[in-house]
Every structure is written in structure tokens, then in C-alpha cells.
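Enquirer:
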Amino acid sequence: MFLGIDASTQSLSAIVIDPSTGTVAARESVNFGADLPEFDAPHGFIPGGADGEVHADPRMWLKALDLLMDRLRGAADLGKIRVIAGDGQQHGSVYLDETFDGRLAGLDPSRDLAGQLSPALSRATSPIWMDHSTGDECAEITASFDDPLEVLRRTGSVVTERFTGPQIRRFFKTDPEGYARTRHIHLVSSFFASVLAGRSAPVDPGDGSGMNLLNLARGTWDTDLLAHAAPELAAKLPSVEPATHIHGVISPYFSGRYGFAEDCRIAGFTGDNPASLVGMGASTPGNVVISLGTSDTWFSACEGVASRMDGIGHIFGNPCGGGMALVCFANGSLAREALRDELGVDWDAFEDEALAATRDRAGRELMLPFYGPEITPLAKFSGPVRQGDAAFMAGENPPLQIRALLEGQFLNMRLHSADPDSPPSRIRLTGGASRNNGIARIAADVLQAPVERLESPDSAALGSAMIAALAAGHPVGELEEAFCRPVAGSRIEPDTALAMTYRDALTRFDALLRKHV
Ligand code: XUL
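According to our numbering, the sequence shown holds residues 863 to 1379 in order.
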């Protein structure tokens, strides 16, 4: 059996798969807000950060790992797991001093991880992907090259606020002593891999390409970019290795405390989006995936790793080889939940019937669906922008508000991700909100493409479990056949009668957006 662990923004989840029977043997999850309320992070990050800072507490992640393992041993025979792989929310970073290696090597199975490892943190909190505090650092790094597109050419992305290189630079500038004490800088993914392996683990090109530090074509750290980010950075970064490589065996802490076999191996950990690409059966070009999570993301596999030179979105490494193109939208489920709470409705209001009743109003009212700062387009919003009659502007008629929010989210995706003249031939929808038929129907209509959902909704954890099996030699086609099946009868065809309606709505949405960005 193979275990995949997904360390996402709001939860830590695990899936155990058995490729010999094609079944999911166990699924467990720890929700940071609900299960670890002592960290005061209802959505997994520390609320109220100043100057655009959004950080999370790495001690919470360590507590969650013990809790997850505790739950998992009740659900599966952990002694049968041959390889573990995993993924983390992208771009987040963890800073550790020189005691980290010794602490990892000497973990005592009778005491918990947080107590033993947190004294090694050289930075108490971890900046995560929602952070947008590094505008100055991004400008400095961009200006260190004659050509403003040079970083995009080398790394697959323009210098981006949430990416780890600018984040490291800000730490170096604001706390030079803390930076000097730092011996290891890990991504969320490689941090979890290190804890499981009992020694510092590599970063994979999928997650490493979210740092503005990796030369994508060469698959190695870019020495110029390292030098422009912070001094002596090379010595603090892990090596770069594909996620499908085995880099160690499990730490005796986990075999002693939870019953893993001593020879259970640890493969690479990647980013949540690259893992999801694998879990959605989309690791070869053809399918577009939309992941509706804390952030909404739009991604697909691409041949090679050549950058899009328009600066929209990113090229990341693909755990199965080649690249993936990704566009990230910060106002995903946080915006859906904010509107739901504002209206005092529950998720049923997002369901098919209520939305079907407003179908005659498709594309009429418009909403720029941004409750907080947005990444695509890059702009600071403090609430949604509405366009419609007086009642709509006053927030009345909940189904109409919900329709406008969802249409706005998919119109924004269509504007920034798809070629408006040639819709994708198929969209695979994943993430918590993807189970909702009302949301899936609006996605199909706005994007004018068929939408499929797969049997396993937790595609990042599943993708990680599949990467663990790939590392043990299972072929990708066989794994996709077994685990990436669309739910029978769940395919939603677009209503082609709405094609012109949404083309017109797209033009008006674009005009409204231009007034505010
Ligand atoms: C991608 C991004 C988010 C995080 C959290 O660039 O910032 O999707 O990976 O899911």
C-alpha cells in the first residue's frame, strides 16, 4: 500500500491506496481550525497580519502530523505501507537552525513532534502563499536584471509576492540575525518530508518552481537568483530531486510510535497543485483541471517547460516529467464562504435548484468576486464589486447574488486562463466545492466546456499516494485507470444556447474589472 499526505492551507489529509486491488484503503484528515483551536487559526493561517503578511504556525503543522498518524493507525495497517509521498500548499517556507538535523535524528517516539522540533525554528512563523508583503523585494529582484522578463524566462514566473525567493529576501532584510541563524530553509512540502524521513529532504521541481529561484530548464538552483535574493542562500536550501525519487526510509519515530515498517520508504514531496495534476489523471497534456479550494487554480500539463511570456500565470515542474501551466486565484472558497455567511444561507443555496431558478438571469448581474486581495488580476480589493439594479446592489435575492459570484469567478478564469475563442475540450473539476452540482453547471456554461468530476474528491492527497506508487515502479497509466475514474453520470455538458450570453458577459466583466484594477 502507498500513503499520500496533503498539507494544504486549512487541513492535513492522508489517503492510503492499494494498487493491487485498485482501492482506497483509508482516508483521514485533520482540520487545523476545528481540530487544533489552540492555535487560533480558523482557516489555517494567523489572522490579522500587518502589511500584507499572512503567516502560519509550523508548530500547528507538527501537532497535526501526530494527530493525523494517530487517526490513520486506527483506519489502516500502517505496517503494510511501502512508500510515502506527499505535497504541501505551495510557496510557504519553514526556517530552521543548526539543531534541526540532530533533533530529527534523535526524535524520541514517546514525546510529540512539536515539543521536540519547535526549538529548532529560527523564524517562529511561516509565510504562506496568501502573503503579499514583498512588493519591495519583488521590485528589487526584478531590477537586478537588465531585462524585466529575465526571471520569467529562467524560472517560469515573473517575480511574485508569494513566491519563496522574495519571502526569503524580506526575512533577511527584516531579521538579519534570524536569517544568519537559519541553517535550513524548507518549503512546506520538503519540511514534512524531512520530518518523516528524519533528515533534511530535497525539494522537487514541481514545488521548487514556485520560488523564483529554480532554473526550470536546467532543474537546478539559479546562482544569480540566489545571490539577488539573500547572501549564502545556496548553503541553506535543500537539493532538487524529482518527487518520484526515493530519498530515505521512515524515521524510527514513526515506526516506533505508529507501527510503520522500518523499511517503509519516503519519496519526494511536491506542491499541492502538481500533486493534484497527477491525482486528476491530467499529468499528460489534454485535460484542464480547475481546483476549487482555499485558492482556486486552473492548470494543465504542457510539453516542456517554456514560459508564457505574457506574464500571466506560472510554469511549474510536472511530477511525471515536463511542465504544467497554472493560474492561481486567491479569492476561492474564502470568497464563496464570505458571501454564504453574509447572506446567512447554507451550501444548499449554491445547489442546482436555487441556481436553476435564476437561469433566465444568466450573465445579467455582474460581480467582481473579490473579498480580499487578489492575485489574478493583481489588485487589492476590500469587498466584491457589483453591477446590476438597485436590489442586486443592496445584496438582495440570495440565489442571484450566489449566481453572480460564481459566474464572476469563472468569468475571471476565462478572461485570464482560457483562450476566449477556443474553450478547453474538457475540464476536470476538483476541490471541496466541486461536488456541488450548481457550481459545476455554472462552470460548464460560463466556460462552454464539458465538466467532469472524479470519484476521489481529494485529488492532491490521491496524487501524492499515486506518486508514492510511481516511485515504487507502478506505471502511471495503470494508476490512472484504477484511481482517476470520472463519477458515472456526473459529466455536465455546457448549454450552448448560453454561449453568446457569456461572451457578452465576459466583455462587460472585463470592462468593469478595468475600472477597478
Ligand atoms: C499556487 C498557490 C496556491 C497554493 C495553495 O500558486 O499559491 O494554489 O498552492 O493551494
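For every residue, glycine included, the Cβ atom is placed at its ideal position computed from N, Cα and C.
Just so you know, these numbers come straight off a predicted model, no measurement behind them.
#1: Please report the distance separating the alpha-carbon of L1188 from that of G1206.
#2: Give a yes or no on whether the C-beta atoms belonging to P1181 and T1132 are separated by under 8 Å.
#3: Would M832 be called buried (16 or more neighbouring beta carbons within 10 Å of its own) or exposed?
#4: So which residues touch the region around the ligand ZN, with touch meaning a C-beta under 5 Å from any heavy atom?
#5: Per DSSP, what kind of secondary structure is Y1115 in: helix, strand or coil?
#6: Taking DSSP's pairing of strands, which residues face Y957 in a bridge?
#7: Taking the C-alpha atoms as reference points, what is the distance between D919 and F901?
#8: Alpha carbon to alpha carbon, what distance is there between S1318 and S879?
#9: If I measure Cβ to Cβ from L1268 and keep anything under 7 Å in the same chain, skipping five residues before and after, which residues do I get?
#10: Does DSSP put S1296 in a helix, in a strand, or in coil?
#11: Taking 8 Å as the threshold (C-beta atoms), are G954 and I908 in contact?
#12: Check L983 in the structure and name its three-state DSSP category.
#13: Please determine, among I1128, E1124 and L1095, the residue with the shortest C-alpha to C-alpha distance to T1106.
#14: Are the region 1130 to 1148 and the region 1360 to 1368 in contact at 8 Å, needing three or more beta carbon pairs?
#15: Cα separation between L929 and F1116?
#16: May I have a chain-ordered list of the alpha helix (DSSP H) segments no shorter than 4 residues that lie completely inside the region 1290 to 1376?
#17: Would you identify the three-state DSSP class for M992, choosing helix, strand or coil?
#18: Considering Cα atoms alone, identify which of M922, F1053 and L1011 is closest to V1020.
#19: Assuming W923 is part of the alpha helix (DSSP H), what are its boundary residues?
#20: Excluding the 5 residues flanking K1242 on each side, which residues of the same chain have their C-beta closer than 7 Å to its C-beta?
#21: Do you know offhand how far S1287's Cα is from G1141's?
#22: Could you check where the beta strand (DSSP E) with M1186 kicks off and where it finishes?
#23: By the 10 Å Cβ neighbour count, where 16 or more other Cβ atoms means buried, how is P1337 classified, buried or exposed?
#24: Considering only residues of the same chain and omitting the five flanking positions on each side of F1015, which have a CB-CB separation below 7 Å?
#25: Note the first and the last residue of the continuous beta strand (DSSP E) segment covering L1087.
#26: Rounded to the nearest angstrom, how far is the Cβ of E1023 from that of G997, given a contact under 8 Å?
#27: In angstroms with no decimal places, state the Cα-to-Cα distance between L1078 and D1086.
#28: Which term fits E1314, buried or exposed, when burial requires 16 or more other beta carbons within 10 angstroms of its beta carbon?
#29: Quick check on DSSP: helix, strand or coil for V1150?
#30: Tell whether a beta-carbon distance below 8 Å holds between D1037 and S1051.
#31: Do V1247 and L1368 have their C-beta atoms within less than 8 Å of each other?
#32: Indicate the three-state DSSP secondary structure (helix, strand or coil) for G950 in the structure shown.
#33: Identify whether A1158 lies in helix, strand or coil by the three-state DSSP scheme.
Expert: Short version:
#1: Translated into the one-based positions of the sequence shown, residue 1188 becomes position 326. Translated into the one-based positions of the sequence shown, residue 1206 becomes position 344. Going by the C-alpha atoms only, they are around 33 Å apart.
#2: In the sequence shown, the residue the question calls residue 1181 occupies position 319. In the sequence shown, the residue the question calls residue 1132 occupies position 270. Their beta carbons are under 8 Å apart, which means P1181 touches T1132 by this criterion.
#3: Lying outside 863 to 1379, the shown extent of the chain, residue 832 is not represented and no answer is given.
#4: Ligands in the displayed structure: the ligand XUL; the ligand ZN is not one of them.
#5: Within the sequence shown, the letter at position 253 stands for residue 1115. DSSP places Y1115 in helix when its eight states are reduced to three.
#6: The count along the sequence shown starts at 1 and reaches residue 957 at position 95. DSSP, once it has assigned bridges, lists I1047 as partnering Y957.
#7: Residue mapping note: residue 919 aligns to position 57 of the sequence shown, counting from 1. Residue mapping note: residue 901 aligns to position 39 of the sequence shown, counting from 1. So the alpha carbons of these two residues sit roughly 8 Å apart.
#8: The residue given as residue 879 occupies position 17 in the sequence shown. The residue given as residue 1318 occupies position 456 in the sequence shown. The sequence shown places Ile at residue 879, rather than the Ser named in the question. Near 11 Å, if we compare the C-alpha coordinates of S1318 and I879.
#9: Here residue 1268 refers to the residue found at position 406 of the sequence shown. Excluding sequence neighbours, L1268 sits near I1301 and I1304.
#10: In the sequence shown, counting from the first residue as 1, residue 1296 sits at position 434. In this structure, S1296 counts as helix in the three-state DSSP scheme.
#11: Start at 1 with the first residue of the sequence shown, and residue 908 comes out as number 46. Start at 1 with the first residue of the sequence shown, and residue 954 comes out as number 92. Contact flag unset, no.
#12: Locating residue 983 in the sequence shown gives position 121, counting from the first residue. Note: L983 maps to strand in three-state DSSP.
#13: Taking the sequence shown and counting its residues from 1, one reaches residue 1106 at position 244. Comparing Cα positions, the closest option is I1128.
#14: no
#15: Along the sequence shown, one-based indexing puts residue 929 at 67. Along the sequence shown, one-based indexing puts residue 1116 at 254. Rounded to whole angstroms, L929 to F1116 spans 12 Å at the Cα level.
#16: 1299 to 1309, 1321 to 1333 and 1338 to 1345
#17: Here residue 992 is taken as the residue at index 130 of the sequence shown, counted from 1. Of the three classes helix, strand and coil, the one that applies to M992 here is coil, per DSSP.
#18: Here residue 1020 refers to the residue found at position 158 of the sequence shown. Among M922, F1053 and L1011, the Cα nearest to that of V1020 is on L1011.
#19: Position 61 of the sequence shown holds residue 923. Here the alpha helix (DSSP H) through W923 covers P920 to A937.
#20: As a first step, residue 1242 is located in the sequence shown; it is residue number 380 there, counting from the start. Excluding residues within five positions, the ones whose Cβ falls inside 7 Å are P1235.
#21: The sequence position of residue 1287 within the sequence shown is 425, counting from 1. The sequence position of residue 1141 within the sequence shown is 279, counting from 1. C-alpha separation (whole angstroms): 19 Å.
#22: Taking the sequence shown and counting its residues from 1, the one referred to as residue 1186 is at position 324. From DSSP, the beta strand (DSSP E) with M1186 extends over G1185 to F1191.
#23: Working through the sequence shown from its first residue, we reach residue 1337 at position 475. When all chains shown are included, P1337 counts as exposed.
#24: Position 153 of the sequence shown, counted from the first residue, corresponds to residue 1015. Before going further, note that residue 1015 is Arg rather than Phe in the sequence given. Once the five neighbours on either side are set aside, the close Cβ partners of R1015 are S1169.
#25: Reading the sequence shown from its first residue, position 225 is the one you call residue 1087. Taken as a continuous stretch (DSSP letters only), L1087 belongs to no beta strand (DSSP E), being part of the alpha helix (DSSP H) at T1085 to A1091.
#26: Taking the first residue of the sequence shown as 1, we reach residue 1023 at position 161. Taking the first residue of the sequence shown as 1, we reach residue 997 at position 135. With a Cβ gap of about 6 Å, E1023 and G997 count as contacting.
#27: Start at 1 with the first residue of the sequence shown, and residue 1078 comes out as number 216. Start at 1 with the first residue of the sequence shown, and residue 1086 comes out as number 224. The straight-line gap from Cα to Cα measures roughly 14 Å.
#28: The residue you call residue 1314 lines up with position 452 of the sequence shown. Counting Cβ neighbours within 10 Å, E1314 comes out buried, since at least 16 surround it.
#29: Taking the first residue of the sequence shown as 1, we reach residue 1150 at position 288. Three-state DSSP puts V1150 in a strand.
#30: For the purposes of this step, residue 1037 is identified with residue 175 of the sequence shown, where counting begins at 1. For the purposes of this step, residue 1051 is identified with residue 189 of the sequence shown, where counting begins at 1. In this structure, S1051 does not lie closer than 8 Å to D1037 by Cβ.
#31: Within the sequence shown, the letter at position 385 stands for residue 1247. Within the sequence shown, the letter at position 506 stands for residue 1368. Not in contact: V1247 and L1368 (Cβ atoms no closer than 8 Å).
#32: Translated into positions along the sequence shown, residue 950 becomes position 88. G950: strand per DSSP, three-state reduction.
#33: As a first step, residue 1158 must be located in the sequence shown, where it is residue number 296. First, the residue type needs correcting, since residue 1158 is Asp and not Ala in the sequence shown. Note: D1158 maps to strand in three-state DSSP.
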